[in-house]
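A.B. asks:
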Ligand SMILES: CC(C)(COP(=O)(O)OP(=O)(O)OC[C@H]1O[C@@H](n2cnc3c(N)ncnc32)[C@H](O)[C@@H]1OP(=O)(O)O)[C@@H](O)C(=O)NCCC(=O)NCCS
């Protein structure tokens with residue numbers, strides 16, 4: 004899918020929060036059910052935590068948001084693509100932007116049970132370097148990935 008990668012504009016945050024929820028629910032429905040975050044909590048977290056601490060980039064096709072990247076230095080904090088746009092190169096385009104911004108090293112956490120994301124990163128030169136547990140209240144088995152060309 005042809006898309007552009009652009010810096011986040013804050014008016015996009017509401018639509019992005021809905022996309023984020025759809026993408027999370029598609030990848031790990033059991034976890035979303037257990038956590039029970041509300042749409043208002045999603046928006047608040049994106050606006051008051053992620054957007055404050057990270058550089059955020061969105062993928063879009065015309066006016067339609069397709070996905071986003073939140074990068075804090077060399078750490079990918081968030082990489083989410085709308086389920087309707089997955090498998091069309093949007094995640095790779097966002098990851099390419101992260102590689103441009105941090106060419107020597109990238110790192111991220113993902114859940115052990117997120118097999119789709121793990122396969123995506125492993126096919127793109129990320130290596131699992133540690134296994135642990137995400138902070139409460141999630142407390143899910145997780146894995147740390149590093150990419151060092
Ligand atoms: C993981 C994720 C970011 C990848 O983004 P994407 O836009 O689907 O990635 P791409 O289209 O660039 O590549 C997807 C790969 O899956 C394949 N694929 C094909 N059809 C697909 C489909 N319908 N859905 C997903 N992947 C598909 C692609 O061919 C490609 O294979 P490759 O790795 O061998 O190249 C995205 O699937 C996503 O948002 N997942 C849910 C949220 C998530 O888990 N985020 C990561 C948290 S750490």
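Numbering (my numbering), first residue to last: 4 to 152. Every residue gets a Cβ at the ideal spot worked out from N, C-alpha and C, and that includes glycine.
1) Evaluate contact between the region 94–111 and the region 21–41, counting only Cβ atoms and requiring at least three cross-stretch pairs below 8 Å.
2) Can you give me the C-alpha to C-alpha distance between residue 15 and residue 99, rounded to a whole angstrom?
3) Which runs of the alpha helix (DSSP H) fall wholly inside the region 19–52 and span at least 4 residues, in chain order?
4) Counting C-beta neighbours from all protein chains within 10 Å, is the total for residue 101 16 or more, i.e. buried, or is it exposed?
5) Pick from 148, 34, 58, 59: whose alpha carbon is nearest that of residue 139?
6) If we count the other Cβ atoms within 10 Å of its Cβ and call it buried at 16 or more, is residue 36 buried or exposed?
7) Can you check whether the CB of residue 8 is closer than 9 Å to the CB of residue 1?
8) So what does DSSP say about residue 9, is it helix, strand or coil?
9) Residue 89 to residue 122, Cα distance in whole Å?
10) Does ligand 1 have even one heavy atom less than 8 Å from the beta-carbon of residue 103?
C.D. replies: Walking through what the data contain:
1) no
2) One-based indexing of the chain shown puts residue 15 at position 12. One-based indexing of the chain shown puts residue 99 at position 96. Straight-line Cα distance between these residues: approximately 22 Å.
3) 32–38, 42–48
4) Position 98 of the chain shown, counted from the first residue, corresponds to residue 101. Burial call: buried.
5) The count along the chain shown starts at 1 and reaches residue 139 at position 136. Closest by alpha carbon: 34.
6) Here residue 36 is taken as the residue at index 33 of the chain shown, counted from 1. Exposed, since its Cβ has fewer than 16 Cβ neighbours within 10 Å.
7) Summary: the structure shown does not reach residue 1, with the chain confined to residues 4 through 152, and so no result is reported for it.
8) Taking the first residue of the chain shown as 1, we reach residue 9 at position 6. Note: residue 9 maps to strand in three-state DSSP.
9) Sequence index remark: in the chain shown, residue 89 carries index 86 (1-based). Sequence index remark: in the chain shown, residue 122 carries index 119 (1-based). Approximately 14 Å, taken between the alpha carbons.
10) Here residue 103 refers to the residue found at position 100 of the chain shown. Because no heavy atom of ligand 1 lies under 8 Å away, the Cβ of residue 103 does not count as near it: no.
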